[in-house]
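Colleague: First the structure, which I've put down as structure tokens, then a few questions once you've had a look.
Numbering (our numbering), first residue to last: 6 to 504.
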């Protein structure tokens with residue numbers, strides 16, 4: 006009705022006559038209700054529907070209300086007690102997939118999280134199994150709001166058709182700049198990560214969490230979790246005050262480094278009493294009191310493993326307490342950075358559970374992980390915490406395809422050392438300063454660019470024109486690592502599509 010009125014006014018201005026059609030005789034059929042509770046087929050039969058589209062609400066799993074969690078459980082796990090970590094917007098895709106077959110074309114605006122990280126494996130195999138195919142997609146771009154206080158969000162637009170309708174050209178719109186105009190390309194198939202899937206045997210391929218590295222490489226572990234209620238953790242000032250009262254505890258304090266401390270050059274301490282002899286602890290009543298409090302906290306836990314840990318209250322959860330220099334990868338890092346601030350630490354530092362650790366790592370390991378190739382994999386296959394990078398051992402590290410077996414990784418060692426030397430030339434700067442895109446020193450930028458070229462050449466001789474090309478190359482390698490050509494999580498065999 007509003008659009009009819011606007012067009013009448015425009016027509017009146019254009020021709021100098023008054024066009025009025027009020028009252029409007031045709032009435033729209035608007036059903037008011039919760040879209041996840043309504044039966045869509047009761048609103049409009051699928052055979053009468055041509056297009057199904059909208060802009061559903063974006064609510065991350067941790068922000069969902071009790072009612073929303075229950076709705077997600079009904080859709081994703083109807084016979085279970087728990088819901089799904091899927092974002093709320095994903096529910097509209099699942100409802101659409103079950104709406105009907107035939108000529109209905111579907112499109113939704115969604116958060117870009119549905120095309121990254123664990124969300125992909127939760128959603129897309131079900132969509133593909135229902136008979137849907139991606140026919141067009143807008144990769145991530147900034148969706149602004151004119152409302153005061155409303156932040157810009159990064160969204161994607163996904164369009165589907167039934168597989169039997171068989172559109173040959175799939176349209177992909179990519180945004181070189183999040184606030185700019187898109188560039189269109191056409192492909193025989195599109196991946197759920199919104200890349201060209203023409204060269205995949207299974208265009209529905211989904212990267213899934215792996216408990217072990219899929220190729221020969223060092224094991225990555227999570228740092229230790231104190232599970233202490235904060236009783237073993239100290240700031241510089243708190244440690245100083247504690248030692249004034251209990252000086253015997255000095256030799257049991259060790260630096261305790263998580264992502265925040267590693268990136269920003271901050272210090273934090275942990276009272277590590279696991280190796281303290283009972284007769285020594287007897288002379289440290291304040292430390293013993295903290296042990297008692299930790300034991301009580303663990304016993305009160307609903308988590309069985311934590312209750313068991315109460316039997317040894319001086320122990321930390323996890324055994325990643327390195328005895329030699331070790332590589333550290335922050336679990337969470339700003340999306341503004343071109344590279345995650347990866348680096349080395351050494352004992353007596355104890356890494357917290359907010360970093361990932363590789364013991365006995367080499368310069369070549371460092372080179373691969375800090376390269377543009379690995380960063381591309383992280384950005385598009387790994388998940389996010391809000392918009393920040395979230396480094397997952399199972400989803401990012403263990404699945405990352407290494408260069409071909411005949412590649413000489415030793416060529417990367419001098420390039421990796423050049424990066425470390427460039428960092429060392431700025432001894433007063435924290436990693437946060439060195440890797441801020443606005444303040445990154447030119448010598449460090451050049452060192453990384455040289456390392457990127459060296460790593461790229463191990464994957465293929467020709468240069469990669471874009472990050473998208475890197476990920477498409479890596480997805481093909483990942484598919485080969487699965488060992489079963491043409492079989493993806495959809496369970497359908499696909500022929501080789503195009504070149």
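Heads up, the beta-carbon is just placed ideally off N, CA and C, and yes, glycines get one too.
Counting pairs of beta carbons, one from the stretch 201-212 and one from the stretch 164-171, are three or more of them closer than 8 Å?
Modeller: The stretch 201-212, when compared against the stretch 164-171, does not touch it at the 8 Å Cβ threshold.
Colleague: Apply the 10 Å Cβ neighbour rule to residue 239 and answer buried if 16 or more other Cβ atoms are within range, or exposed otherwise.
Modeller: buried
Colleague: Is residue 245 helix, strand or coil by DSSP?
Modeller: helix
Colleague: Going along the chain, which unbroken runs of the alpha helix (DSSP H) with 4 or more residues stay wholly within the stretch 447-495?
Modeller: 447-464, 472-486
Colleague: Mind checking which residues open and close the alpha helix (DSSP H) that includes residue 407?
Modeller: Element bounds for residue 407: n/a, residue is neither H nor E.
Colleague: Straight-line CA distance for residue 382 to residue 17?
Modeller: 56 Å
Colleague: Return yes when the Cβ of residue 285 is within less than 8 Å of the Cβ of residue 318, no when it is not.
Modeller: no
Colleague: When DSSP labels each residue in this structure, what does residue 118 get in the three-state scheme?
Modeller: helix
Colleague: If contact is defined by three or more beta carbon pairs under 8 Å, each pair taking one atom from either stretch, is the stretch 253-271 in contact with the stretch 336-346?
Modeller: yes
Colleague: Is the beta carbon of residue 179 sitting closer than 8 Å to the one on residue 188?
Modeller: yes
Colleague: Tell me whether the beta-carbon of residue 298 lies closer than 8 Å to the beta-carbon of residue 234.
Modeller: yes
Colleague: To which residues does DSSP link residue 398 through a beta bridge?
Modeller: The partner list for residue 398 (beta bridge, DSSP) is empty, contrary to what the question assumes.
Colleague: For residue 429, count neighbouring C-beta atoms within 10 Å of its own C-beta (all shown protein chains included) and say buried if the count is 16 or more, exposed if not.
Modeller: exposed
Colleague: Just mark residue 175 as buried or exposed, buried being the case when its beta carbon has 16 or more other beta carbons within 10 Å.
Modeller: buried
Colleague: Looking only at its chain, what residues have a beta carbon closer than 8 Å to the beta carbon of residue 417, apart from the 5 residues adjacent to it on each side?
Modeller: 368, 369, 372, 373, 456, 459, 460, 463
Colleague: Is there a Cβ of chain B sitting closer than 8 Å to that of residue 429, yes or no?
Modeller: Among the protein chains of the structure shown there is no chain B, as only one such chain exists.
Colleague: What's the C-alpha gap between residue 421 and residue 103?
Modeller: 51 Å
Colleague: Got a sec, what are the start and stop residues for the beta strand (DSSP E) residue 166 sits in?
Modeller: 158-167
Colleague: Kindly indicate which residue of 397, 340, 392 has the alpha-carbon position closest to the one of residue 360.
Modeller: With distances taken between Cα atoms, residue 360 lies closest to 397.
Colleague: Would you tell me roughly how many angstroms separate the C-alpha atoms of residue 218 and residue 45, rounded to the nearest one?
Modeller: 44 Å
Colleague: Going by DSSP, which residues form a beta bridge with residue 335?
Modeller: 360
Colleague: According to the Cβ coordinates, are residue 228 and residue 323 closer than 8 Å?
Modeller: Pairing residue 228 with residue 323 gives a Cβ-Cβ distance under 8 Å.
Colleague: Quickly, what does DSSP pair residue 277 with across the bridge? List them, please.
Modeller: Answer is none; residue 277 lacks a bridge partner.
Colleague: Using CA atoms only, rank isn't needed, just tell me which of 161, 171, 453, 470 is closest to residue 143.
Modeller: Selected option, being the one with the closest Cα: 161.
Colleague: With 16 other CB atoms within 10 Å as the buried threshold, where does residue 59 fall?
Modeller: Here residue 59 is exposed. Its C-beta has fewer than 16 other C-beta atoms within 10 Å.
Colleague: Taking C-beta to C-beta, are residue 215 and residue 399 nearer than 8 Å?
Modeller: yes
Colleague: Going along the chain, which residues of its own chain have a beta-carbon closer than 7 Å to the beta-carbon of residue 376, five neighbours each way excluded?
Modeller: 456, 457, 460
Colleague: Tell me which residues share the same chain as residue 120 and place their Cβ nearer than 7 Å to its Cβ, disregarding the 5 neighbours each side in the sequence.
Modeller: 161, 197, 198, 199
Colleague: Does the distance from the C-beta atom of residue 281 to that of residue 300 stay below 8 Å?
Modeller: no
Colleague: Leaving out five residues on either side along the sequence, give the residues of the same chain with a beta carbon under 7 Å from the beta carbon of residue 96.
Modeller: Answer for residue 96: 41, 76, 77, 80, listed in chain order.
Colleague: Going by DSSP, what residue range makes up the alpha helix (DSSP H) through residue 258?
Modeller: In the DSSP assignment, residue 258 falls outside any alpha helix (DSSP H) and within the unbroken beta strand (DSSP E) covering 258-262.
Colleague: Grab the span of the beta strand (DSSP E) containing residue 340 for me, first residue to last.
Modeller: Careful: residue 340 lies outside any beta strand (DSSP E) and carries neither H nor E.
Colleague: Using DSSP's beta-bridge definition, name the partner residues of residue 110.
Modeller: 56
Colleague: Given a cut-off of 8 Å, decide if residue 471 and residue 159 are closer than it, judged by their beta-carbon atoms.
Modeller: No, the pair does not count as a contact, with Cβ atoms beyond the cut-off.
Colleague: Alpha carbon to alpha carbon, how far is residue 82 from residue 54? Give it in angstroms, no decimals.
Modeller: 28 Å
Colleague: Taking residue 275 and residue 355 to be in contact with their CB atoms under 8 Å, please state how far apart those CB atoms are, rounded to whole angstroms.
Modeller: 6 Å
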